[in-house]
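Chemist: Per numbering that gives the first Met the number 0, the very first residue in the sequence shown carries number 0; after that it's consecutive. Think of the CB as a built atom: it goes at the ideal place given N, C-alpha and C, for glycine as much as any other residue.
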Amino acid sequence: MTEYTSFKVTQDGPIARITLNRADKRNTMTPAFWAELPHAVGALSDAGETRVLILDAEGPVFTAGMDISVFTDPNALKTDSASMREAFMTAATALQDSFTAFEKARFPVIAAIQGPCVGGGVDMICAADIRYGTQDAWMRIEETNIGMFADVGTLQRLPGLIPEGVARELAYTGETLSADRAEKLGLYNEVLESPEALKARVDTVAETIASKAPLTISGVKRSFLYARDHTVADSLEHAMTLQASLWCPEDIMEAITARGEKREGAFQALTPVKRMGQS
Numbered sequence: 000m001t002e003y004t005s006f007k008v009t010q011d012g013p014i015a016r017i018t019l020n021r022a023d024k025r026n027t028m029t030p031a032f033w034a035e036l037p038h039a040v041g042a043l044s045d046a047g048e049t050r051v052l053i054l055d056a057e058g059p060v061f062t063a064g065m066d067i068s069v070f071t072d073p074n075a076l077k078t079d080s081a082s083m084r085e086a087f088m089t090a091a092t093a094l095q096d097s098f099t100a101f102e103k104a105r106f107p108v109i110a111a112i113q114g115p116c117v118g119g120g121v122d123m124i125c126a127a128d129i130r131y132g133t134q135d136a137w138m139r140i141e142e143t144n145i146g147m148f149a150d151v152g153t154l155q156r157l158p159g160l161i162p163e164g165v166a167r168e169l170a171y172t173g174e175t176l177s178a179d180r181a182e183k184l185g186l187y188n189e190v191l192e193s194p195e196a197l198k199a200r201v202d203t204v205a206e207t208i209a210s211k212a213p214l215t216i217s218g219v220k221r222s223f224l225y226a227r228d229h230t231v232a233d234s235l236e237h238a239m240t241l242q243a244s245l246w247c248p249e250d251i252m253e254a255i256t257a258r259g260e261k262r263e264g265a266f267q268a269l270t271p272v273k274r275m276g277q278s
């Protein structure tokens, strides 16, 4: 498995895990992180072996957001001309794509937030399918406090996860959202009392998802994402087209039989994706 500088990737059967492992640097997001993350998620998705991905972190801070090195590069932030601004926009769009990789993956992504989640970390977990946190897993849209606005997904995804008025409040004020309030708002599915309890809960959910037919879970995720951005009528039509393409009588019979026999189902795996130019 490929080694990365900003996190480690592990695989336990159908459950993959991306763990931010720069605890001594508060798991900040270096320039390399933004290229490595979509590569790792895309590789797991294409391989077809992963049924669910857990995103977690080492240390007391989930992530402090963008690493300061991103802001100190004198060439990366120049916008002195129209040409430079166009290049800046193109590079910034690639940052957005890094987290959109979670949505494009063929499996659900569960964020296990242990400790504070700041700035780019909020952008990141908003792109996950499910979020759990510890009691100290507070969040803050830090960009507001440093003279810029969040531009990598928070302002686009957060209003769909919590009431828009609250999302605006957090974005306008740059104030901290406690874990308890995040749970009450529905942003966190659950708040756990300790890192150990968080891991146990997330592992249980991941194992449950991984026990389902991969084609079913992929279809569910695609339907949710389409419905988020389209009308009900469009989404119903899309669901029927998707169902027709993913309909698998063998998986249905196996699910029914396995449930009756009180055993895990043996379902069809996702077919690996071959990208153009790959050997």
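Between Leu43, Asp55, Thr1, which lies nearest to Asn20 when the distance is taken from Cα to Cα?
Modeler: For the purposes of this step, residue 20 is taken as residue 21 along the sequence shown, with counting starting at 1. With distances taken between Cα atoms, Asn20 lies closest to Asp55.
Chemist: Over what stretch of residues does the alpha helix (DSSP H) that includes Val40 continue unbroken?
Modeler: As a working mapping, residue 40 is identified with position 41 in the sequence shown. 30-46 is the extent of the alpha helix (DSSP H) around Val40.
Chemist: Using DSSP bridges, identify the partner residues of Thr62.
Modeler: Locating residue 62 in the sequence shown gives position 63, counting from the first residue. Per DSSP, Cys116.
Chemist: Rounded to whole angstroms, what is the Cα-Cα separation between Lys7 and Tyr131?
Modeler: Along the sequence shown, read from residue 1 onward, the residue named residue 7 stands at position 8. Along the sequence shown, read from residue 1 onward, the residue named residue 131 stands at position 132. Those two C-alpha atoms are separated by around 20 Å.
Chemist: Tell me the residue span of the beta strand (DSSP E) that contains Gln95.
Modeler: Here residue 95 is taken as the residue at index 96 of the sequence shown, counted from 1. No beta strand (DSSP E) holds Gln95; the alpha helix (DSSP H) holding it covers 81-103.
Chemist: By the DSSP assignment, the beta strand (DSSP E) with Arg130 in it spans what residues?
Modeler: In the sequence shown, counting from the first residue as 1, residue 130 sits at position 131. Taken as a continuous stretch (DSSP letters only), the beta strand (DSSP E) holding Arg130 covers 129-133.
Chemist: Where does Thr27 fall in DSSP's three states?
Modeler: The sequence position of residue 27 within the sequence shown is 28, counting from 1. Thr27: coil per DSSP, three-state reduction.
Chemist: Looking at the unbroken alpha helix (DSSP H) that takes in Ile285, where does it start and where does it end?
Modeler: No answer is possible for residue 285: the residues shown for the chain start at 0 and end at 278.
Chemist: Would you tell me roughly how many angstroms separate the C-alpha atoms of Thr143 and Ala170, rounded to the nearest one?
Modeler: By one-based count along the sequence shown, residue 143 stands at place 144. By one-based count along the sequence shown, residue 170 stands at place 171. One C-alpha to the other measures close to 7 Å.
Chemist: Could you check how far apart the C-beta atoms of Thr62 and Val151 are, in whole angstroms? I think they sit under 8 Å.
Modeler: The residue given as residue 62 occupies position 63 in the sequence shown. The residue given as residue 151 occupies position 152 in the sequence shown. Not confirmed; about 13 Å, so no contact.
Chemist: Please determine, among Ser217, Met28, Ala226, Lys103, the residue with the shortest C-alpha to C-alpha distance to Ala126.
Modeler: Working through the sequence shown from its first residue, we reach residue 126 at position 127. Nearest option by C-alpha distance: Lys103.
Chemist: Do the CB positions of Arg105 and Thr49 come within less than 9 Å of each other?
Modeler: For this step, residue 105 is matched to residue 106 along the sequence shown. For this step, residue 49 is matched to residue 50 along the sequence shown. The answer is yes: Cβ separation under 9 Å.
Chemist: In its own chain, which residues sit with a C-beta less than 7 Å from the C-beta of Glu57, not counting the 5 before and 5 after it?
Modeler: Translated into the one-based positions of the sequence shown, residue 57 becomes position 58. Here the set comprises Thr18, Leu19, Asn20, Ala22.
Chemist: I'd like to check one pair, Pro213 with Gly12: are the Cβ atoms closer than 9 Å?
Modeler: Residue numbering aside, residue 12 sits at position 13 when the sequence shown is read from its first letter. Residue numbering aside, residue 213 sits at position 214 when the sequence shown is read from its first letter. No.
Chemist: Counting C-beta neighbours from all protein chains within 10 Å, is the total for Arg139 16 or more, i.e. buried, or is it exposed?
Modeler: Along the sequence shown, read from residue 1 onward, the residue named residue 139 stands at position 140. That one is buried.
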